[in-house]
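A.B. asks: 1434 is the number of the first residue of the sequence shown in our numbering; add one for each residue after it. A virtual CB, placed ideally from N, CA and C, is assigned to each residue, including glycine.
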Amino acid sequence: MKVIIASDHGGVNLRREAADVLEELGIEYVDLGCDCEGSVDYPDYALPAAERVAGGEFDKGILICGTGIGMSVSANKVKGIRAALVHDLFTAKVTREHNDSNMLCMGERVIGPGLAREIVKTWIQSEFEAGRHKNRINKIAEYENK
Ligand code: RB5
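Below, the structure written as structure tokens:
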């Protein structure tokens, strides 16, 4: 599995935690930054990362900003992206099982590093259940391709 990670200035610390978890799990990843002192614009990180997941270069992506909302709203504009904003372990698991989410978004101003690390682990290790959920994913793809 190959994962791409990115954050704006509001998510630098949680992005480092996410990178650390991926390393612990032995998962290959590319870190797009930001390595910024000042403020940057989250779409400048979310959109390139999402395009590289949608294009097949990466299997999954992890995006972090202050709330996770800007990252998830931006990433979900890219065709083929199902970005899930997650701040608890239940939805971390179920969004993989039911939505086949291919990007995980979190907010550094919302949750602490311990929970964020567990969310990354849970989300990465949970599998899509397909079955009745596949039909629902197909409907989203059909809408995107209209
Ligand atoms: C940046 O201040 C903040 O707006 C951003 O990190 C994010 O929370 C946007 O959704």
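Report the rounded CA-to-CA distance for Asp1521 versus Gly1540, giving the unit in angstroms.
C.D. replies: Residue mapping note: residue 1521 aligns to position 88 of the sequence shown, counting from 1. Residue mapping note: residue 1540 aligns to position 107 of the sequence shown, counting from 1. In a straight line, the C-alpha of Asp1521 is about 11 Å away from that of Gly1540.
A.B. asks: Does the beta-carbon distance from Ile1437 to Tyr1475 come in below 8 Å?
C.D. replies: The residue you call residue 1437 lines up with position 4 of the sequence shown. The residue you call residue 1475 lines up with position 42 of the sequence shown. No; because the gap between Cβ atoms is not below 8 Å, this pair is not in contact.
A.B. asks: Could you tell me if Cys1469 is buried or exposed, where buried requires 16 or more neighbouring beta carbons within 10 angstroms of its beta carbon?
C.D. replies: Along the sequence shown, one-based indexing puts residue 1469 at 36. Counting Cβ neighbours within 10 Å, Cys1469 comes out exposed, since fewer than 16 surround it.
A.B. asks: Could you check the C-alpha separation between Ser1559 and Arg1529 for me, to the nearest Å?
C.D. replies: As a working mapping, residue 1559 is identified with position 126 in the sequence shown. As a working mapping, residue 1529 is identified with position 96 in the sequence shown. Between Ser1559 and Arg1529, the C-alpha separation is close to 6 Å.
A.B. asks: Please classify Gly1494 as buried or exposed, where buried requires at least 16 neighbouring CB atoms within 10 angstroms.
C.D. replies: What you label residue 1494 is simply residue 61 of the sequence shown in a count that begins at 1. The residue in question, Gly1494, is buried, as its Cβ has 16 or more Cβ neighbours within 10 Å.
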